[in-house]
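**Q**
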Amino acid sequence: MQGLEKEFYIKSSATSSEEIGNDIHYGTCDKLIQNGISFTKRKAYLTIGSVRALDIRVIFEDTEILYEGAVEDAPEEIKRLRYSKVKN
């Protein structure tokens, strides 16, 4: 699906305070480089206010999807953006 890159806006931010100050995960950097996708080093923290306008929100912890959907419908632990694992 070449040529659709201008149709997407992708942003990645820390979801817990322990990640503040860390750069992009090394594996993610490697994949971006392999696919010719440019990026800059940055530090960002996800807040409820910063994601309200997004169409899709996906919050990851390690390789496990914790939540996908509208922030206002999220469980309380995701709304507060605490470090926690969702138990299946």
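With numbering that gives the first Met the number 0, letter number 11 in the sequence shown gets 10, and the count goes up by one each step, no holes. For each residue, glycine too, the CB sits at the ideal point set by N, CA and C.
1) How many angstroms separate the CA atom of residue 6 from the CA atom of residue 24?
2) Please state the DSSP three-state secondary structure of residue 26.
3) Per DSSP, what kind of secondary structure is residue 31 in: helix, strand or coil?
4) Is residue 6 helix, strand or coil when you go by DSSP?
**A** Reading it off the structure:
1) Straight across, the Cα-Cα distance linking residue 6 with residue 24 is about 24 Å.
2) Assignment of residue 26 by DSSP, reduced to helix, strand and coil, places it in the helix class.
3) Helix at residue 31.
4) The three-state secondary structure of residue 6, taken from DSSP, is helix.
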